[in-house]
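Residues in the sequence shown are numbered from 145 upward in steps of one, following our numbering.
Glycine included, C-beta positions come from ideal geometry on N, C-alpha and C.
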Amino acid sequence: MDYSALIAQRRRRAEELDERISDPSLFDDPKRAREIMREHRHLKDTLSLWERLEGARRNLAENEELAKSDDPELAEIATDEIPGLRTQIEELGESVQYALLPADPNEDRDAILEIRAGAGGDEASLFAAEMLRVYQRYAETRGWKTEHLSSTPSEVGGFKEVFLRVTGDEVFRFLKYESGVHRVQRVPATETQGRIHTSTITVAVMPEAEEVDIEIKQDDLRIEVCRAGGAGGQHVNRTESAVQVFHLPTGIMIRCEDGRSQGQNKERALQILRTRLYEMKQREEQEKHSATRRALIGSGDRSEKIRTYNFPQSRITDHRIGHTSHNLSGVMAGDISEFTAELQKAEMAERLTEAGIS
145 MDYSALIAQR RRRAEELDER ISDPSLFDDP KRAREIMREH RHLKDTLSLW ERLEGARRNL
205 AENEELAKSD DPELAEIATD EIPGLRTQIE ELGESVQYAL LPADPNEDRD AILEIRAGAG
265 GDEASLFAAE MLRVYQRYAE TRGWKTEHLS STPSEVGGFK EVFLRVTGDE VFRFLKYESG
325 VHRVQRVPAT ETQGRIHTST ITVAVMPEAE EVDIEIKQDD LRIEVCRAGG AGGQHVNRTE
385 SAVQVFHLPT GIMIRCEDGR SQGQNKERAL QILRTRLYEM KQREEQEKHS ATRRALIGSG
445 DRSEKIRTYN FPQSRITDHR IGHTSHNLSG VMAGDISEFT AELQKAEMAE RLTEAGIS
């Protein structure tokens, strides 16, 4: 497909945004300014990809011509470069296709991960702790930062629930596929008969909301302070530093006690609440998407079983796309990139079909 017309549209839009960004009054509305800057950056990246694609195409044409040269040495060099250029063109073409799709406004947001132990008791809580470490290590490889917001430890050293904030470039774009039920099949350390147990955890990846996204009215909140009951040292256990925030219209309750002060815990609780409310708002909008895309990866439904980790067979299967990997040790060490890449391809194919670009 010839994308020249679409690229011309993007180029004209980028020129319009150049003018708007040069107007100081744009920043009188911070939310609108962020949206404009985000769109401008996306357009610049798209146009840069297009220039690289066009350059690779020109190089390929030149090399194909040089391959016919009467100079054997020159022809050989040109011929050797042709396969690499064709691969480069294919990869850049896919990137351009994806970039031409309507941008998801949440893709470059930071994210809050909520991990909860499900069926399986202690074993589920231990797996929740392991998956927390998986995401922390994955974040390190991408140069992201993580912040532990709140948690409820289990008696065996795992977590009944834990909230993690992840900040960096395009965090939500890469982590959004992790939402859903993760099932683990293995022999627990406490199992004396060698029987395989099945446990589950629930992961929710939520694009972090900003204050301008969600307005929380003070009258809609009931805030209580109490003594922290978990680990945290003498200071935490001696003072009433834990904070519980109740959002009366929705019934959502957030408790934070890991911080060293009421102020810090209140701030974290409101941050989680704001993100939860934003997620609910986004979920309503996602209902407008096609049923096919929601079933594939876009639903983020907390009750949807998305992946099974089979330890005896060192096998991980993603049920949304039917992809299986035997790199269990690598994944548990934080390398989930294989699944992310496959899910991104599946999403791109579906979105291209919806947009009529493919």
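- Only exposed fits E368, as fewer than 16 other CB atoms lie within 10 angstroms of its CB.
- In this chain, the alpha helix (DSSP H) harbouring V315 covers V315 to L319.
- DSSP, read as helix, strand or coil, puts S213 in coil.
- Per DSSP, L161 is one residue of the alpha helix (DSSP H) stretching across S148 to I165.
- Relative to G403, the option among A386, F390, Q415 and R418 whose CA is nearest is A386.
- Going by DSSP, G324 is part of the beta strand (DSSP E) stretching over G324 to R330.
- In this structure G262 does not touch I450 by the C-beta definition: roughly 13 Å separates them, more than the 8 Å allowed.
- Closest option to S192, judged by alpha-carbon separation, among I165, A477 and R154: R154.
- The C-beta separation of V328 from I340 comes to about 10 Å, leaving the pair out of contact by the 8 Å criterion.
- With a cutoff of 7 Å on beta-carbon distance, I259 and A272 are scored as near each other.
- Per DSSP, E274 has no beta bridge partner at all.
- Counting only the Cα atoms, S294 lies some 24 Å from V475.
- Your pair I360 and R418 checks out as a contact, with CB atoms roughly 6 Å apart and the cut at 8 Å.
- If you look at L245, you'll find it isn't in any beta strand (DSSP E); DSSP assigns it neither H nor E.
- Note on C370: under 16 other CB atoms within 10 angstroms of its CB, so exposed under the neighbour-count rule.
- Contact between F390 and L365 holds: their C-beta atoms lie close to 7 Å from each other, under 8 Å.
- Nearest to G338 by alpha-carbon distance, out of G302, P456 and E494, is P456.
- Exposure of F171 is indicated by the presence of fewer than 16 other C-beta atoms within 10 angstroms of its C-beta.
- One Cα belongs to E354, the other to I465, and the distance between them is close to 32 Å.
- A direct Cα-Cα distance of roughly 55 Å separates E208 from F307.
- With contacts defined as CB atoms closer than 7 Å, R317 and E291 fail to qualify as a contacting pair.
- Sorting S343, H186, W194 and E198 by C-alpha distance to the C-alpha of M275 places S343 at the top.
- In the three-state DSSP reduction, S294 falls in the strand class (E or B).
- In this structure the segment 220-236 lies against the segment 192-202, because at least three pairs of beta carbons, one per stretch, are closer than 8 Å.
- Per DSSP, S343 is not a residue of any alpha helix (DSSP H); the beta strand (DSSP E) it occupies stretches across H341 to P351.
- Within the same chain, and ignoring the five residues on either side of E448 in sequence, the residues whose Cβ sits closer than 7 Å to its Cβ are G324 and V325.
- Close CB contacts of K410 within its chain, under the 6 Å cut and outside five residues either way in sequence, are with V387 (chain order).
- Taking the Cα of P227 as reference, the smallest distance to any Cα among A205, A485, K489 and F483 is reached at A205.
- The beta-bridge partner set that DSSP reports for K449 consists of V325.
- One alpha carbon belongs to S298, the other to A268, and they sit about 10 Å apart.
- Under the three-state reduction of DSSP, V475 is assigned to helix.
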